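Trainee: For reference, the structure I am asking about is given below.
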Amino acid sequence: MRNIFLFIRRYLNFLFFLLLQIIALSMLFRYNKFHEAAFMNVAKEVTGSVYDRVSNTEYYFHLKRTNDSLVNENERLRNLLSTNFENPDTTSVIVKDTVPYDTLGHFRRFLWRQAKVSNNSTSTQNNFVTIHRGENQGVRKDMGVVSSNGVVGIVVNTSANYATVMSLLHRNTKISASLKKSGETGTVEWNGDSPLFLTLGKIPKSAKIQKGDTVITSAYAIEFPPSVIGTVYNIVEDPSTNFYTLILRPATNFYSLQYVYVVENLQAEEQKNLEEATKKIQ
Amino acid sequence: MSNFAKNIIRFVFFILLQALLLHRIPFLHKTITPYLYYLYILWLPFSLPRGWLTFVGFIFGLTLDYFLDTPGLHAAACTLIAYVRPFLINLLIPQQGTEQSYASPSIRSMGWAPYFTLVLILTLLHHAYLVFLEWLQIGSFLYFLIKVVASTGISLLLVLLTEMLFVRKERFRTNKV
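Structure, rendered in structure tokens:
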């Protein structure tokens, strides 16, 4: 017994070092699985407020670019207004179905909430975006995040007033995507190389693809309404498989994110429950 | 200013520098991440007991981790170099009694060559461990090697610049003080 105490006494520093290493490593490997870690919620509040101040300062330097992208978005939305479509033919009348736009929200599928970006990284292998909107403001895990140009990522962690978004530039990101023109679906991933390019795999070779084609989120991605992910930059043909791998340019400029929209799918719960229940039956 | 207050300010400064500036530099992507923050651990005073040094290293790394959303990654690397530092200093220190006559490791207190050997070894150790942990989850071996070497090069350059720009006034302490 005495020897044990002597041993502990002698190697106290080393044992302490080992203990700290074990704590650190267990935090690291648990976090990657569950995206949760000890005190993460409390820490998010502190780091979030620091990042908020910094982004408030940076905000002024990016005002011009933010304005540009908002103007572009407005232009796109104005083009969708029904008043733009006037039909000279008097025999056919456009009947505007008001039900999907009802204010009661019974039929609404997606709810959009704007959020200010308070931190954003592009330089590591696993990049996150921190937004200033959290549980108190209705943000939950697994909601989609979209900028005015295209998809940004998926919410992975929330605190009271902040949320972290796993951006498209994250090695674990997998978002179901489809070609806008022909509808073939595949999975968008990032290989960690350059923040300017994404890869879209599993597109069958029967698809007719051209450089510059638009890629949108597919109907299977329940976090997102159909929104632009990027455009095809290059087509890589792998002779050993029946699939193309496409190199995409993301529509979102991750270097100048200022405002994003958090999209909530109000029917996601229902869909998930149904799918779960179906699995149980089988 | 007391040593304690100075080190607290340095703590905050190095964390913010790393999280807000160095980690946002674009286009050095993939193989190079400029790290400077661990210099804080090298600058901690000689008089800190070994156990406390390890603990401060852990807390320091963990704080950065919370800023960068990687809990445990930098904490593990910082704990390692904080634990190894006293052994290296014992090996490298030129003469007996430097620990008593100077407050912390620096060019003045240790001399150019021993100090930069210390910086080089700890930088390599820190980067190798950090990238190794990253590599366990992703990447190839070549990527691992290139990243360690490239990041070490950039970090050494930054340390050199910092040491030349911010000369720490290390007074020779006599018994009178």
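In the order they appear, the protein sequences are chains A and B.
Residue 186 in the working numbering is what sits at position 131 of the first sequence, and the numbering runs on without skipping anything.
Residue 138 in the working numbering is what sits at position 123 of the second sequence, and the numbering runs on without skipping anything.
Where a beta carbon is used, it is the ideal one built from N, C-alpha and C, also for glycine.
These numbers were taken from a predicted model, which means no experiment stands behind them.
Run through chain B and tell me which residues come within less than 8 Å of residue 109 (chain A), C-beta to C-beta.
Mentor: Here the neighbours are 35.
Trainee: Looking at the C-beta of residue 82 (chain A), does it have a partner C-beta in chain B at a distance below 7 Å?
Mentor: So yes, residue 82 (chain A) belongs to the interface.
Trainee: Going by DSSP, what residues sit across from residue 221 (chain A) in a beta bridge?
Mentor: Note: residue 221 (chain A) sits in a beta bridge opposite A:183 and A:209.
Trainee: Write down the C-beta distance between residue 123 (chain B) and residue 101 (chain B) rounded to the nearest angstrom, noting that I regard them as a contact closer than 8 Å.
Mentor: Between residue 101 (chain B) and residue 123 (chain B) the Cβ distance is about 19 Å, and since that is not below 8 Å, they are no contact.
Trainee: Nearest CA to the CA of residue 12 (chain B): which residue from B:61, B:175, B:24 and B:75?
Mentor: Only positions 16 to 192 of chain B appear in the structure, and residue 12 (chain B) is not among them; the question remains open.
Trainee: What residue from A:76, A:335, A:336 and A:130 has the CA that sits closest to residue 70 (chain B)'s CA?
Mentor: Selected option, being the one with the closest Cα: A:76.
Trainee: Counting C-beta neighbours from all protein chains within 10 Å, is the total for residue 179 (chain A) 16 or more, i.e. buried, or is it exposed?
Mentor: Result: buried.
Trainee: According to a CB-to-CB cut-off of less than 9 Å, which residues of the segment 84 to 98 of chain B neighbour chain A?
Mentor: So the close ones are 84, 85, 86, 87, 88, 89, 90, 91, 92, 93, 94, 95, 97 and 98.
Trainee: Mind the definition here: the segment 22 to 38 of chain B touches the segment 324 to 333 of chain A only if three or more C-beta pairs lie below 8 Å; say whether that holds.
Mentor: Result no; under three Cβ-Cβ pairs closer than 8 Å.
Trainee: Would you call residue 36 (chain B) buried or exposed, if buried means 16 or more other Cβ atoms sit within 10 Å of its Cβ?
Mentor: It is exposed - the Cβ of residue 36 (chain B) has fewer than 16 other Cβ atoms within 10 Å.
Trainee: Let me know the alpha helix (DSSP H) ranges lying completely inside the segment 259 to 328 of chain A, each 4 residues or longer, listed in chain order.
Mentor: Segments of the alpha helix (DSSP H) lying fully in the segment 259 to 328 of chain A: there are none.
Trainee: What is the DSSP secondary structure of residue 169 (chain A), counted as helix, strand or coil?
Mentor: Residue 169 (chain A) falls in the strand class under three-state DSSP.
Trainee: Do the CB positions of residue 392 (chain A) and residue 317 (chain A) come within less than 7 Å of each other?
Mentor: Only positions 56 to 337 of chain A appear in the structure, and residue 392 (chain A) is not among them; the question remains open.
Trainee: Would you identify the three-state DSSP class for residue 100 (chain A), choosing helix, strand or coil?
Mentor: Here residue 100 (chain A) sits in helix by DSSP.
Trainee: Which residue comes first and which comes last in the beta strand (DSSP E) that contains residue 243 (chain A)?
Mentor: Segment 240 to 244, the beta strand (DSSP E) holding residue 243 (chain A).
Trainee: Would you say residue 68 (chain A) reaches chain B, if we count a Cβ-Cβ gap shorter than 7 Å as a contact?
Mentor: Yes - at least one Cβ of chain B is within 7 Å of the one on residue 68 (chain A).
Trainee: Sorted by chain position, which residues of the same chain lie with C-beta nearer than 6 Å to residue 191 (chain B)'s C-beta, five sequence neighbours on each side aside?
Mentor: Confidence is the limiting factor: at residue 191 (chain B) the pLDDT is only 48, short of 50, which leaves the residue's position unreliable, though a coordinate-based value still follows. So the list is empty, once near-sequence residues are dropped.
Trainee: When the cut-off is 7 Å and only beta carbons count, does residue 282 (chain A) lie next to chain B?
Mentor: No, residue 282 (chain A) lies away from the interface with chain B (no Cβ there is under 7 Å from its Cβ).
Trainee: Straight-line CA distance for residue 82 (chain A) to residue 193 (chain A)?
Mentor: For residue 82 (chain A) and residue 193 (chain A), the distance between alpha carbons rounds to 28 Å.
Trainee: Go ahead and label residue 313 (chain A) buried or exposed: buried means 16 or more other beta carbons lie within 10 angstroms of its beta carbon, across all protein chains shown.
Mentor: Label assigned to residue 313 (chain A): buried.
Trainee: Please determine if the segment 76 to 85 of chain B and the segment 125 to 143 of chain B are in contact, where contact requires at least 3 C-beta pairs separated by less than 8 Å.
Mentor: Segments in contact, no.
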